[in-house]
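K.L.:
I am attaching a structure below and will ask some questions about it afterwards.
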Amino acid sequence: MKRMELGKILFVLLCASLAIAGVVAAPPTCPANDLGGECGDADDWKGEFFPGIPNIKYEGPSSKNPLAYKWYNAEEEILGKKMKDWLRFSVAFWHTFRGTGGDPFGSATKFWPWEDGTNSLAMAKRRMRANFEFLKKLGVDRWCFHDRDIAPDGKTLEESNANLDEVVALAKELQGTEIRPLWGTAQLFVHPRYMHGGATSPEVEVYAYAAAQVKKAIEVTHYLGGENYVFWGGREGYQTLLNTDMGRELDHMARFLEAAVAYKKKIGFNGTLLLEPKPQEPTKHQYDWDVATTASFLRKYGLLGEFKINVECNHATLSGHSCHHELETARLNGLFGNLDANTGDPQIGWDTDQFLTDIGEATLVMLSVVRNGGLAPGGINFDAKLRRESTDVEDLFIAHIGGMDTLARGLRNVAKLIEDGSLDELVRKRYESFDTEFGAQIEAGKVDFETLEKKAMEWGEPKVPSAKQELAEMIFQSAL
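Every number in the numbering used here is 1289 more than the matching position in the sequence shown, counting from 1.
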């Protein structure tokens, strides 16, 4: 009897020992701010970056919950497509996870709990894990990145490429089959080597380095299943023509882009190549000033069939246009490929990259998207950042929810305008004189100046009707 009791005790102790061993052997789970613990720098770190933040759900317009969608209902059909397929939202890694709140007049204000103040590989991997937790909780299945934002620059190009490979391997694992990049790009504007530009630098060594960096960025975008690749020439321009051979630099940029097209095809990358216009900041005279300038460049160098345009709303306003104008210019030239949804402050003269929250502007934006038949394989990327004064982790979610709801509401408003038909009818009536037989001949290019002169003499002084601009604005506002 005593032996049986002793055996039971030994068995219980053995089970307890195995249980304790199992607990010790389990992978660590750390809070996001436990950077000094044993698991703080581990590649398999499993901390929760956004504790207390639930998966964001649609609750409808009457909801007062700041962590819920009021207008964006991903699976709801609008104009024959699900909202998620019209909008194809994407999160910008650089603003969301590398934005510091710094501006031209002040230092960083944001210190996220998972940051350790370094730009190490371990820190890069921790940010990547935060990125995918954020995407999943937000319910967004696309993201965008610059190469040097997701992985640290090395002392040599080989070291930089190795760093990028290591972080991209983790990203590939984390994104699985449900998430992919909307687009990737190379950062050719921060490092001092690019102070004169990359593709337009007067130094051939810089030109070659830029090409090598873009080659690698295209490769990793392709590896991650990216749907597009963007060129933003932040330094591709000039400060003064006194020391600049503008024609030669434009030729160099065209040769650079031709080589990118050739390499894309060589490796089997089927994503769309996009150019992103920007008028200034930091370069005084940017070669891709606006959509029209960029379209002219593509046309001159025979690249129209190889590229489309990524329109950024804040860049549009800096060039003196509205975002709607730039989108329509791109659309009418068959070049509307992607949208960076943000806005600027009309009282501030630089690119503030704020989240778009103006319902009227969002409606005009979505009017172009709908007229374009959608954006796929492009989408809507939130190239937008928190205000300098917004410093809570929760603010990252609130900002994206607000931006997504604004554009979703814009889409709903477009559906109202189309269903009502009044605005389309007003436009049709303005041009109805060209719907006549003679007007159709003009539009077909079959009428010469002599015939037009004869008609002008026959008709006499033209009667010019009202444009009904205030009525158009009233109809538009009624949809908001």
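Glycine included, every Cβ here is placed at the ideal spot set by N, Cα and C.
Does DSSP put glycine 1691 in a helix, in a strand, or in coil?
P.N.:
As a first step, residue 1691 must be located in the sequence shown, where it is residue number 402. Of the three classes helix, strand and coil, the one that applies to glycine 1691 here is helix, per DSSP.
K.L.:
I need the DSSP call for serine 1657, collapsed to helix, strand or coil.
P.N.:
The count along the sequence shown starts at 1 and reaches residue 1657 at position 368. If DSSP states are grouped into helix, strand and coil, serine 1657 belongs with the helices.
K.L.:
Can you tell me which of Arg1701, Phe1765, Thr1725 puts its alpha carbon nearest to the alpha carbon of glycine 1369?
P.N.:
Counted from its first residue, the sequence shown places residue 1369 at position 80. Of the listed residues, the one whose Cα sits closest to glycine 1369 is Arg1701.
K.L.:
Pop quiz: leucine 1356 and proline 1343 are said to be a contact at Cβ under 8 Å. What is the actual Cβ separation, rounded to whole angstroms?
P.N.:
As a working note, residue 1356 is residue 67 in the sequence shown. As a working note, residue 1343 is residue 54 in the sequence shown. The Cβ separation is near 7 Å, so the contact holds.
K.L.:
Should leucine 1324 go down as buried or exposed, given a rule of 16 or more other Cβ atoms within 10 Å for buried?
P.N.:
Counted from its first residue, the sequence shown places residue 1324 at position 35. Reliability fails at leucine 1324, whose pLDDT of 46 lies under 50, so the model's placement of it is uncertain and no value is given.
K.L.:
For the putative contact between cysteine 1433 and alanine 1397, defined by C-beta atoms under 8 Å, what is the C-beta separation to the nearest angstrom?
P.N.:
In the sequence shown, the residue the question calls residue 1433 occupies position 144. In the sequence shown, the residue the question calls residue 1397 occupies position 108. With a Cβ gap of about 22 Å, cysteine 1433 and alanine 1397 do not count as contacting.
K.L.:
Closer than 8 Å by C-beta to alanine 1363: which residues in its own chain qualify, once you throw out the five before and the five after it? Chain order, please.
P.N.:
Here residue 1363 is taken as the residue at index 74 of the sequence shown, counted from 1. Closer than 8 Å at Cβ, skipping near neighbours: Tyr1347, Lys1371, Met1372, Lys1373, Gly1428.
K.L.:
On the CB-based measure, 16 or more other CB atoms within 10 Å of its CB, does methionine 1763 come out buried or exposed?
P.N.:
To locate residue 1763, count along the sequence shown from 1; it is residue 474. With fewer than 16 other Cβ atoms within 10 Å, it is exposed.
K.L.:
Could you give the DSSP three-state label for threonine 1632: helix, strand or coil?
P.N.:
One-based indexing of the sequence shown puts residue 1632 at position 343. Strand at threonine 1632.
K.L.:
Should leucine 1653 and glycine 1699 be called a contact, given that it needs their Cβ atoms to be closer than 9 Å?
P.N.:
Position 364 of the sequence shown holds residue 1653. Position 410 of the sequence shown holds residue 1699. Cβ distance < 9 Å, so leucine 1653 and glycine 1699 count as in contact.
K.L.:
Count the other CB atoms, across all protein chains shown, that sit within 10 Å of the CB of asparagine 1559; report buried if there are 16 or more and exposed otherwise.
P.N.:
Within the sequence shown, numbered from 1, the residue matching residue 1559 stands at position 270. Exposed is the call here.
K.L.:
Among residues of its own chain, excluding the 5 on either side of valine 1312, which ones have a beta-carbon nearer than 7 Å to its beta-carbon?
P.N.:
By 1-based counting over the sequence shown, the position of residue 1312 is 23. Interpretation of valine 1312 is limited by its pLDDT of 30, a score under 50 that renders its predicted location unreliable; the figure taken from the coordinates is listed afterwards. Excluding positions up to five away in sequence, the list is empty.
K.L.:
For glutamate 1617, collect the residues of the same chain with a Cβ closer than 6 Å to its Cβ; drop the 5 residues on either side in sequence, then sort them by chain order.
P.N.:
For the purposes of this step, residue 1617 is taken as residue 328 along the sequence shown, with counting starting at 1. Taken in chain order, the residues that qualify are Ser1657.
K.L.:
For phenylalanine 1478, which residues from the same chain have a beta carbon less than 7 Å from its beta carbon, with the 5 sequence-adjacent residues on both sides left out?
P.N.:
As a working note, residue 1478 is residue 189 in the sequence shown. Only Gly1523, Arg1524 meet the Cβ criterion.
K.L.:
Hey, would you say tryptophan 1521 sits closer than 9 Å to asparagine 1627, going by beta carbons?
P.N.:
As a working note, residue 1521 is residue 232 in the sequence shown. As a working note, residue 1627 is residue 338 in the sequence shown. Not closer than 9 Å, so no.
K.L.:
Quick one: grab the DSSP three-state call for tyrosine 1496.
P.N.:
Numbered from 1 along the sequence shown, position 207 holds the residue referred to as residue 1496. Here tyrosine 1496 sits in helix by DSSP.
K.L.:
In this structure, does DSSP put glutamate 1747 in helix, strand or coil?
P.N.:
As a first step, residue 1747 is located in the sequence shown; it is residue number 458 there, counting from the start. Here glutamate 1747 sits in helix by DSSP.
K.L.:
Are the beta-carbon atoms of tyrosine 1552 and isoleucine 1507 separated by less than 9 Å?
P.N.:
Counting from one through the sequence shown, the residue named residue 1552 turns up at place 263. Counting from one through the sequence shown, the residue named residue 1507 turns up at place 218. Yes, they are a contact pair.
K.L.:
With distance defined between alpha-carbon atoms, name the residue in Glu1570, Lys1504, Gly1633 nearest to lysine 1554.
P.N.:
Taking the first residue of the sequence shown as 1, we reach residue 1554 at position 265. Cα-wise, what sits closest to lysine 1554 is Lys1504.
K.L.:
Considering only C-alpha positions, which residue in the set Ala1411, Leu1675, Trp1401, Gln1730 is nearest to glycine 1691?
P.N.:
Counted from its first residue, the sequence shown places residue 1691 at position 402. Out of Ala1411, Leu1675, Trp1401, Gln1730, Leu1675 has the C-alpha closest to the C-alpha of glycine 1691.
K.L.:
What separation, rounded to the nearest whole angstrom, lies between the Cα atoms of phenylalanine 1727 and aspartate 1672?
P.N.:
If you number the sequence shown from 1, residue 1727 lands on position 438. If you number the sequence shown from 1, residue 1672 lands on position 383. Computed Cα separation, rounded: 47 Å.
K.L.:
List in chain order: all unbroken alpha helix (DSSP H) runs of 4+ residues lying wholly within the stretch 1704-1748.
P.N.:
Whole alpha helix (DSSP H) segments, 4+ residues: 1711-1719, 1726-1732, 1738-1748.
K.L.:
Check whether the stretch 1581-1601 and the stretch 1621-1640 touch, using three or more Cβ-Cβ pairs below 8 Å as the test.
P.N.:
Flag = yes, the stretch 1581-1601 and the stretch 1621-1640 touch.
K.L.:
What does the Cβ neighbour count give for phenylalanine 1738, buried or exposed, with the cut at 16 atoms within 10 Å?
P.N.:
Against the sequence shown, residue 1738 aligns to sequence position 449. It is exposed - the Cβ of phenylalanine 1738 has fewer than 16 other Cβ atoms within 10 Å.
K.L.:
Rounded to a whole number of angstroms, what is the C-alpha to C-alpha distance between glutamine 1464 and glycine 1443?
P.N.:
Counting from 1 along the sequence shown, the entry for residue 1464 is found at position 175. Counting from 1 along the sequence shown, the entry for residue 1443 is found at position 154. Computed Cα separation, rounded: 25 Å.
K.L.:
Helix, strand or coil: which one does DSSP assign to threonine 1398?
P.N.:
Within the sequence shown, numbered from 1, the residue matching residue 1398 stands at position 109. Residue state, collapsed to three classes: coil.
K.L.:
What separation, rounded to the nearest whole angstrom, lies between the Cα atoms of leucine 1303 and arginine 1415?
P.N.:
Start at 1 with the first residue of the sequence shown, and residue 1303 comes out as number 14. Start at 1 with the first residue of the sequence shown, and residue 1415 comes out as number 126. In this prediction, leucine 1303 has a pLDDT of 35, which is less than 50 and means its spatial position is unreliable; what the coordinates show is noted afterwards. Cα-Cα distance, rounded: 38 Å.
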